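Participant:
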Amino acid sequence: MPSFYDIDQVEAFRQMEYPAINVYYTMQNGQDGMWIGYSCDYMRTVSKSHNFLITETNAQGTGWSSQNQWPPYDGQLRQNMYAFLSGGANMVEYWHWSTLHYGQETYWRGILGHDGQPNRVYREFQKGAKELDKIGGQLVNLKKTNRVAILFSHDSKHALDYMPYTDNDQYKVNMMYDALYRQNIECDILPVDKPEMQDFSQYDLLLVPSLYVATDDLLLKISDFVKNGGEVVMLFKSGYTDYDNAVRPVLAPGPLAEACGFTYQEYSSINTLTLKPNDIGASDNTVNTWMEFLIPTTAKPLAAVDHKFFGKWPCITENQYGKGHLTYIGTVPSADLLWKLISRAANRKNIATVERKYQYPIILRSGTNMSGHKIHYIFNYSYETKTISYPFPDSRSLLDDQKLSLGKDIAIEPWGVVIGEEK
Amino acid sequence: MPSFYDIDQVEAFRQMEYPAINVYYTMQNGQDGMWIGYSCDYMRTVSKSHNFLITETNAQGTGWSSQNQWPPYDGQLRQNMYAFLSGGANMVEYWHWSTLHYGQETYWRGILGHDGQPNRVYREFQKGAKELDKIGGQLVNLKKTNRVAILFSHDSKHALDYMPYTDNDQYKVNMMYDALYRQNIECDILPVDKPEMQDFSQYDLLLVPSLYVATDDLLLKISDFVKNGGEVVMLFKSGYTDYDNAVRPVLAPGPLAEACGFTYQEYSSINTLTLKPNDIGASDNTVNTWMEFLIPTTAKPLAAVDHKFFGKWPCITENQYGKGHLTYIGTVPSADLLWKLISRAANRKNIATVERKYQYPIILRSGTNMSGHKIHYIFNYSYETKTISYPFPDSRSLLDDQKLSLGKDIAIEPWGVVIGEEK
Amino acid sequence: MPSFYDIDQVEAFRQMEYPAINVYYTMQNGQDGMWIGYSCDYMRTVSKSHNFLITETNAQGTGWSSQNQWPPYDGQLRQNMYAFLSGGANMVEYWHWSTLHYGQETYWRGILGHDGQPNRVYREFQKGAKELDKIGGQLVNLKKTNRVAILFSHDSKHALDYMPYTDNDQYKVNMMYDALYRQNIECDILPVDKPEMQDFSQYDLLLVPSLYVATDDLLLKISDFVKNGGEVVMLFKSGYTDYDNAVRPVLAPGPLAEACGFTYQEYSSINTLTLKPNDIGASDNTVNTWMEFLIPTTAKPLAAVDHKFFGKWPCITENQYGKGHLTYIGTVPSADLLWKLISRAANRKNIATVERKYQYPIILRSGTNMSGHKIHYIFNYSYETKTISYPFPDSRSLLDDQKLSLGKDIAIEPWGVVIGEEK
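Chains as they are written, first to last, in this note's numbering: chain A, 115 to 537; chain B, 115 to 537; chain C, 115 to 537.
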């Protein structure tokens, strides 16, 4: 049961013959596939084989008490099995087969319940297992080559938890992942603290949650990435302290100042504030919690709050630096603001132009199978049947062996999935 | 100061020559007599003499600080004295006579306050005491023969507290008592864990709060009670574990399956959900917190929630089994739903047909005194004078020595009581 | 860093050659000068010289984390410097000059930030410092002779904290100070527990927060103060216990009964209740939390709550005793009720008749400088320019060397101050 936050995953998996993780998530109305996506996108970068096993995941309701028992709606168990496969998993195993009759995990319920009899969940498990018997060979060992990465810094997360700026989540990696996920931009998650994980040459767009703790070297690699034509979307407090978590005794953001195109000397806690009209295009035009008083040198101000005092400084800027751009968000943006700022950068690089036509609850995931064919998963994370036009080149629907034609309508059942193989 | 929940009352009172308890309750707007009723209805079943003493109860405001000082409104102290007597108490003693001038109980105020002078509360105490001088002999040693019992299981309460399904009260005995009390159905409260307390032959209706821990034997006694013509209203999780709190490895509800007329394999936490239209007739047609997915064999579904997924199974059923009925509530019902489901069972047995014409804040309590005469208490738990038609055969009003005629209007003063003796 | 509540300040400062304190307060929208005023009004009565040093106060944002960073708006740092001087401070020193780069106080930010460069706050500090170079000699060693005092009792505060009557603040000294401050009545704060601090001969009006613990001697001094023509506004629970915190075994309020003109035997916690119409004139006509059931002997009832039970007793009374009056508030009044009750007493003594024409956010503070001239500070605690007519005799504006004429309009900039010297 690895935690993504507290363990040195790079080091841990170096010693494992075959990487394996346990992933638990929310079912029923909260089922959205996001935490499964996050887990897989992280695992791929730290696993040597690029693929991995799921050794535990939800069957029926879970928990160390009888509270918060949320067994899956019809379809959800099987949908999650395919969500794991779409992220690179090669096996999905449940905790556990049957259910204990006493002790701490009495209500951590398995495929079978206390009665040991076949049940609704068992029958759904059975259906998925039979499908995999038939098509599993076309799904396993999926490979991906993503153009986008999130730089995940354990050190920054720990330092921010130690010296927090909010009562809520200090390190907004999930917020950034969510903004990508819901607009169907696939990404890798790079644990960036180690020098061997700092090769960005594969990517066109980097998302940087508050990179509070960083070596000069890492910050310069990010600057160089921009200079050489890359796009970066970066959150507040990045570059503020050095590798030992000592604040840099220079104008912030230190080694990032040139790529960012501004300096700042001050910041403030803020309540939720509205931005002055701007051309970012977010429906929720607010920021909250924290604001840096940015003083642009070469950066273009994108937004400033509508406030007598705080409005004197921009809080979101975009800097053309060399051949690329660095978008800096010196505040906690609304989810929609972050989405739109990422789209803006993705547009400049033509990233996921097809996929971004669809949005959550329709989620698209793709990869290449062992035969070298493209595999496309289309998930419907809702209780309504959804009809969309098939967005990919002509394919074969693996679950029902039908033809899928580019632009032709397909219906995806509630909590369902369609899997296409291009060939 | 016995706790009803943490102490083995049956065993404790076996060793006492004369049973005695301390009861504290809410005064002012919260005064409703319910906790006094509960305490007395419990004490009668564990006391050998069927009567008991109150050795401590509220005088003025109470507490281990100066917070939550709620001294009685005019009339309330005397009303509570009669409430105790109406439940079978033979004495009411206050904690305490005077009030301490320092220490933990500085604000646990007695009949006299810190000044040691007669006061408003003293004068009310004095009034009640003088009345008892005159009529006490007709009130003490009251006997009751109730047709309804609540089965109270210490073991179930502790097991549910240990493996909870909610943040709120795990064991809904008070909720069940409240539903009886407010519609004027008198009951006994049976601590049912010991075999010697499992004789139900006196009763026509049993209310069963989640009987989570139970021997097969107890469950079969309840089944037999139904088969022989009894009415049972039972809450979720009953029968789920055995006497050692191990979940039964069979289809739930185990030994109760036949009497219940259903089995179930699954359950879920739920938010507050509305029921589909049904003929239970509750104004608050909602359930919350917990729902079992009942699969009827012989039971008749009474209600199912209005929800795509959860609505596939009934959550309240009624099963004719032998000559009786078992009403099962596989969810946490609204207070009004529970009230109506109890009425439904009470109607089939013509229980409290007279008394149920009145409702809280008018509360009726009856019994038989030492002369073999029926004694009827009519309480008004409100700040408004209430006028009702006297519901009992012609009687003598003990407090003012007037005649009370069946069907004739009587006025009960705010926080007042009328006591009739049939003769 | 002295606490006003936990330390025996009288004793502590007896041993200091020159009294000095550290005062931290809220900036940005919360800046109102009140806590600075309170601190200074307290320090003057315990300092031997009548003047004192501020050895620490806010520069930029403060805190032991990066949360709640609220650096000053433009003008606020300088405004607070003058607020300290207006209360009798002879020096204002900041914590601290520069800002630490690691450790607990990384975000307890000084005049200079982590970059060590001049910044916005530094420039404002510089402006104030240059002004003091010029006019400081006319401002230091300010003396005041106030006609109003708040009697602060450490012992009562601790006893109420130990045996609380509310979840909120037990000891309403700040509430009373606030009511004075916002209507521009200057006062001293007397730590009244020691006999040597019980000389009230200088004063015309005493405000008494719940004087729960007191010697008979102190209570008689307060009674004598009234008898000799003084005005007292006193809160509930005063006089209830003796010097050892034992409740007096007599009719409350014990030795105060004659001056108060009532006794009481009972009290109750209350929710927020509305008063019956009365002539106190408060817009918020409510009381809350606590109510004593006052039984007047000579006192005139000023207000009673609108409630069947509690309305039987007044909860606010006014007693003419000898040549003075004692206003007793046997409940927690709304802020506006307290304000109006204080005004009522102040009117009888013609206290602050000029100053009370102005209200917060315009705050007036006055004193006499070393040359024997009157110094008047006029603060604007808002983000709007305020124009008022100058309320004092013709003066010289020290900051811009202009003439200030009685009744002539002057504009005070946002978070600004005007300082006039009569001469």
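Note that the Cβ used here is the ideal one computed from N, Cα and C, for glycine as well. Predicted, not measured: the structure shown is a model, and the values here were computed from it.
Using three-state DSSP, classify Phe239/A as helix, strand or coil.
Facilitator: Three-state DSSP puts Phe239/A in a helix.
Participant: Please report the straight-line C-alpha distance between Gln284/C and Gly151/C, rounded to a whole angstrom.
Facilitator: About 21 Å.
Participant: If you run the structure through DSSP and keep just helix, strand and coil, what is Leu349/B?
Facilitator: Residue state, collapsed to three classes: strand.
Participant: Checking contacts by CB at 9 Å: is Leu349/B closer than that to chain A?
Facilitator: By this cut-off, Leu349/B is not an interface position.
Participant: For Trp184/C, decide whether its Cβ has a neighbour in chain A, counting only Cβ atoms nearer than 9 Å.
Facilitator: Chain A contact via Cβ: present.
Participant: For Tyr279/B, which residues in chain A fall below 7 Å Cβ to Cβ?
Facilitator: Result: Ser180, Gln181.
Participant: Suppose contacts are defined by Cβ-Cβ distances below 9 Å. Is Gly147/C in contact with Phe423/C by that definition?
Facilitator: Cβ distance not < 9 Å, so Gly147/C and Phe423/C don't count as in contact.
Participant: To which residues of the same chain is Ile502/B closer than 8 Å at the C-beta, ignoring the five residues directly before and after it?
Facilitator: Taken in chain order, the residues that qualify are Tyr472, Ile476, Ile492, Asp523, Ile524, Ile526.
Participant: Can you say whether Asp281/A is buried or exposed, counting buried as having 16 or more other CB atoms within 10 angstroms of its CB?
Facilitator: Exposed, because fewer than 16 other Cβ atoms sit within 10 Å of the Cβ of Asp281/A.
Participant: Cutting at 6 Å between CB atoms, please list the residues of its own chain near Gly368/B, excluding the five before and the five after it.
Facilitator: Once the five neighbours on either side are set aside, the close Cβ partners of Gly368/B are Gly353, Arg362.
Participant: Please report whether the beta-carbon of Leu333/A lies at a distance below 9 Å from any beta-carbon of chain C.
Facilitator: So no, Leu333/A is outside the interface.
Participant: Taking Cβ-Cβ distances shorter than 7 Å, what residues in chain B pair up with His215/A?
Facilitator: Chain B residues near His215/A: Ala360, Val361, Pro363.
Participant: What does the Cβ neighbour count give for Val468/C, buried or exposed, with the cut at 16 atoms within 10 Å?
Facilitator: With fewer than 16 other Cβ atoms within 10 Å, it is exposed.
Participant: Are Lys258/B and Thr482/B close, meaning C-beta to C-beta below 9 Å?
Facilitator: Their beta carbons are under 9 Å apart, which means Lys258/B touches Thr482/B by this criterion.
Participant: For Pro185/B, which beta-bridge partners are listed by DSSP?
Facilitator: Answer is none; Pro185/B lacks a bridge partner.
Participant: Note down, in chain order, each residue of its chain lying with its Cβ closer than 8 Å to the Cβ of Ser179/B, except the 5 sequence neighbours on either side.
Facilitator: Closer than 8 Å at the Cβ level, and outside the excluded window around Ser179/B, lie Tyr221.
Participant: Give the straight-line distance between the Cα atoms of Met348/B and Leu319/B, rounded to the nearest whole angstrom.
Facilitator: Their Cα atoms are separated by approximately 11 Å.
Participant: Figure out for me which residue from Ala413/B, Ile430/B, Ser382/B has the closest Cα to the Cα of Pro391/B.
Facilitator: Taking only the C-alpha atoms, the option nearest Pro391/B is Ile430/B.
Participant: With a CB to CB cut of under 6 Å and the five nearest residues on each side skipped, what residues in its chain are close to Val206/C?
Facilitator: Counting only Cβ-Cβ distances below 6 Å, and skipping sequence neighbours, we find Ile168, Met195, Phe198.
Participant: Along chain C, in chain order, which residues have C-beta atoms closer than 8 Å to that of Asn288/B?
Facilitator: Within 8 Å Cβ-Cβ: nothing; Asn288/B doesn't reach chain C, min ~24 Å.
Participant: Does the separation of the CB atoms of Phe266/C and Pro309/C fall below 9 Å?
Facilitator: No; because the gap between Cβ atoms is not below 9 Å, this pair is not in contact.
Participant: Is it buried or exposed, Ile249/A, if we count other Cβ atoms within 10 angstroms and call 16 or more buried?
Facilitator: The residue is exposed, with fewer than 16 neighbouring Cβ atoms inside 10 Å.
Participant: Counting only runs of 3+ residues fully inside the region 502-536 of chain A, write out the beta strand (DSSP E) ranges in chain order.
Facilitator: You should have 509-511, 516-518, 523-526, 530-536.
Participant: Would you verify that the beta carbon of Gln516/B is, or is not, closer than 9 Å to some beta carbon of chain A?
Facilitator: Not closer than 9 Å to any Cβ of chain A, the Cβ of Gln516/B fails to qualify, so no.
Participant: Can you give, in chain order, each stretch of the alpha helix (DSSP H) that sits fully within the region 342-402 of chain C and has at least 4 residues?
Facilitator: The region 342-402 of chain C contains these whole alpha helix (DSSP H) runs: 371-374.
Participant: Taking 9 Å as the threshold (C-beta atoms), are Gln297/C and Asn260/C in contact?
Facilitator: No, the pair does not count as a contact, with Cβ atoms beyond the cut-off.
Participant: Could you tell me how far apart the beta carbons of Val160/A and Gln123/A are, in whole angstroms, since I believe they sit closer than 8 Å?
Facilitator: At roughly 5 Å, the Cβ-Cβ gap stays under 8 Å, so Val160/A and Gln123/A are in contact.
Participant: By Cβ distance, which residues of its chain are closer than 7 Å to Asp302/C, with the 5 residues on each side in sequence left out?
Facilitator: The answer, listed in chain order, is Asp155, Arg158, Thr159, Asn260, Ala263.
Participant: Counting pairs of beta carbons, one from the region 393-409 of chain B and one from the region 372-384 of chain B, are three or more of them closer than 8 Å?
Facilitator: Taking 8 Å as the limit for Cβ pairs, the verdict is that the region 372-384 of chain B does touch the region 393-409 of chain B.
Participant: From this set, Met290/A, Asp292/A, Gln434/A, which residue's C-alpha is nearest Phe339/A's C-alpha?
Facilitator: Out of Met290/A, Asp292/A, Gln434/A, Gln434/A has the C-alpha closest to the C-alpha of Phe339/A.
Participant: Check distances from the C-beta atoms of the region 376-400 of chain B to those of chain A and list, in chain order, the residues that come in under 7 Å.
Facilitator: So the list reads Gln379, Glu380, Tyr381, Ser382, Ser383, given in the order they occur along the chain.
Participant: Residues in the same chain with beta-carbon distance under 8 Å from Asp275/C, minus the five sequence neighbours each way, listed in chain order, please.
Facilitator: If we look at Asp275/C and ignore the five residues flanking it on each side, its Cβ neighbours are Gln284, Tyr285.
Participant: Are the C-beta atoms of Gly230/C and some chain A residue less than 9 Å apart?
Facilitator: It does: the Cβ of Gly230/C has a partner Cβ on chain A nearer than 9 Å.
Participant: Rounded to whole angstroms, what's the CA-CA distance from Ser509/B to Leu256/B? Just pull it up for me.
Facilitator: When rounded, the distance between both Cα atoms is 17 Å.
Participant: At which residues does the alpha helix (DSSP H) containing Tyr152/C begin and terminate?
Facilitator: Where Tyr152/C is concerned, the enclosing alpha helix (DSSP H) stretches over 148-160.
Participant: Look at the alpha carbon of Lys241/B and the alpha carbon of Asp307/C, and state the distance between them as a whole number of angstroms.
Facilitator: Distance between the alpha carbons of Lys241/B and Asp307/C: 45 Å.
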